[in-house]
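Sequences listed follow chains A and B, in order.
Residue numbers are given in my numbering: position 130 of the first sequence equals residue 405, and the series is strictly consecutive.
Residue numbers are given in my numbering: position 44 of the second sequence equals residue 319, and the series is strictly consecutive.
Taking it in order: structure first as structure tokens, then the write-up.
There are 2 protein chains.
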Amino acid sequence: MATTGSISKASERAYQAIRALILSGSVAPGSPLTEEALADIVGVSRTPVREALRRLESELYITRSGGTRLFVANWSHDDIAEMFTLRAMLEAHAAARAATRITAAALAELAAINARITKAVSHGSDSGPDIAAFLTENRRFHEVIIDQSGSPRLAAILATLVEQPVVRRTAARYSAQELARSAHEHSQLIQAFNARDAEWARSIMTAHIRRAFHAFSTAPPAK
Amino acid sequence: MATTGSISKASERAYQAIRALILSGSVAPGSPLTEEALADIVGVSRTPVREALRRLESELYITRSGGTRLFVANWSHDDIAEMFTLRAMLEAHAAARAATRITAAALAELAAINARITKAVSHGSDSGPDIAAFLTENRRFHEVIIDQSGSPRLAAILATLVEQPVVRRTAARYSAQELARSAHEHSQLIQAFNARDAEWARSIMTAHIRRAFHAFSTAPPAK
DNA sequence: ATCATCGCTATTGTATACAAACACCCCTCG
DNA sequence: CGAGGGGTGTTTGTATACAATAGCGATGAT
């Protein structure tokens, strides 16, 4: 899982660290950020911090006031709703593209992943669904589809739209039935891919993500 | 008082300059880029060049090979087709959102802009349509709509998708009739906004951009 | 008392120096 | 003759020093 290519690099560490600070709520929305303070926290110099900040700014995690001062962005419920809407639109498009391009190997991988998801969410003898496993495999499932869509641009846009903390909060709110339904929707996607039916795949993916949005909306605030 | 904008900033100049080099074809797709050479060309140090390159990389103008070396990305016709498809989807969404949010002032501005567009493309006594004016006003027209959609995230994504060189090439290929049809489509959009009809606006915008794509596709290669 | 103006300070923007990593090439050895 | 290994030079990554600038407060005038 080479999700983070260069984790040893200071600029990448800075990006991850600052992003984590914001998403965890450790720094309140609206509070000012200074490059030097962040550099101290992360333990690197201002140079990699600046690169991380530019990236976070382009992803709307932080905003500039007056052209210079940096502040933690304040994501409203409407902002998150818009992210879900865009994600639904774009990831459904990715699914439609993937339907006509997917390789046999990728199809097999999707099936294998979803088998693991099904296993993770079916309460066996133990204490209940394995949310951690669900999140890992679910993420991989969606990654494979985006990859198979063959559009690096789409992948780049979606990367800024799919926030794992949001996904986690959504999954944590899912009931066992809802988790199972997620797995079922995945299997329907696989059927659509098998049939090479782009519009079928698009519809399933749209529904899949919009349902996630509504589960998220009923979840309590993060903090 | 009057902010000079970020144009005077070295990092912004570097971004514009390098982007222009790539879009104009001055540096061939696939050719390697070194930070120092670019710094010399732009006339700034490597630091702002690096910031510009990070941004250009996130916008897929350049790619990294082996994690470090930089190359000019090679946009195929398929890549551009995909950009048009995504742009159509997202800008149509922007139009739909704008339909229910647009202010009276913005509506009036759209009407004024489109009046100027109509004037620019109607061949009066002079030598023909004023393409430069068309491009300026057309750009502004679309900017107002994206702005009125009230989604900074959508605006940020679209900014990376709407390439003025591509638009210019498209417009240069338009016949006088097609330019007039563009203005007519704009006026239909204004009608949809007046009616606060989101789906009408979405449809018009989709058609507007897809037609532009097909005009672009029949245009000769850039160089 | 309120407002404008001036100057200081905190913070960002840029350049440069240095360190590390990678690629390439040559040389040696099997 | 081919393959592997190290050396070398180029390129990127990071830190630090310095310059510029925006914000903020003090100070004084009206």
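C-beta atoms are modelled at their ideal positions from N, C-alpha and C, and glycine is treated no differently.
Computed from a prediction, not measured in an experiment: that's the story for all the values here.
Could you check where the beta strand (DSSP E) with residue i kicks off and where it finishes?
| i | result |
| --- | --- |
| Thr338/A | 337 to 340 |
Residue i CB to nearest chain A CB: under 9 angstroms?
| i | result |
| --- | --- |
| Ile337/B | no |
| Thr493/B | no |
| Glu326/B | yes |
| Ser340/B | no |
| Ser426/B | yes |
| Leu454/B | no |
| Asp405/B | no |
| Asp472/B | no |
Which residues in chain B sit within 9 angstroms of residue i, going by Cβ to Cβ distance?
| i | result |
| --- | --- |
| Ala431/A | Ser333, Glu334, Leu335, Thr435 |
| Leu236/A | Absent from the structure is residue 236/A, since the part of chain A shown begins at 276 and ends at 498. |
Can you confirm whether residue i, when its beta carbon is compared against all beta carbons of chain B, has any partner nearer than 9 angstroms?
| i | result |
| --- | --- |
| His368/A | yes |
| Glu357/A | yes |
| Asp422/A | no |
| His483/A | no |
Name the DSSP beta bridge partners of residue i, please?
| i | result |
| --- | --- |
| Phe346/B | Pro307/B, Thr338/B |
Could you tell me the boundaries of the alpha helix (DSSP H) in which residue i lies?
| i | result |
| --- | --- |
| Glu474/B | 473 to 492 |
| Lys394/B | 379 to 396 |
| Asp405/A | Asp405/A -> no alpha helix (DSSP H), and no H or E assigned at all. |
| Tyr290/B | 285 to 299 |
| Thr435/A | Per DSSP, Thr435/A belongs to no alpha helix (DSSP H) and is neither H nor E. |
| Ala363/B | 352 to 376 |
| Ser333/A | 321 to 333 |
| Ala470/B | First-last for Ala470/B: undefined, no H or E at that position. |
Which residues in chain A sit within 7 angstroms of residue i, going by Cβ to Cβ distance?
| i | result |
| --- | --- |
| Ser480/B | Per the sequence presented here, residue 480/B reads as Met, with Ser not at that position. None at all; the shortest Cβ gap to chain A is about 14 angstroms. |
Going along chain A in order, which residues have a C-beta closer than 8 angstroms to the C-beta of residue i?
| i | result |
| --- | --- |
| Pro440/B | Under the 8 angstroms cutoff, chain A gives no residues; its nearest Cβ is about 17 angstroms from Pro440/B. |
For residue i, return the contacting residues in chain B, with the cut-off set at a CB-CB distance below 8 angstroms.
| i | result |
| --- | --- |
| Arg329/A | Glu326, Arg329, Arg330 |
Members of the segment 364 to 397 of chain B that neighbour chain A once the beta carbon cut-off is set at 9 angstroms: Within the segment 364 to 397 of chain B, the qualifying residues are Met364, Leu365, His368, Arg372.
Under 9 angstroms (Cβ pairs) to chain A, residues found in the segment 304 to 324 of chain B: Of all residues in the segment 304 to 324 of chain B, only Thr322 place a beta-carbon less than 9 angstroms from a beta-carbon of chain A.
Residues of the segment 284 to 298 of chain B whose Cβ lies closer than 8 angstroms to any Cβ of chain A, in chain order: Going along the segment 284 to 298 of chain B in chain order, one finds no residue with a Cβ nearer than 8 angstroms to chain A.
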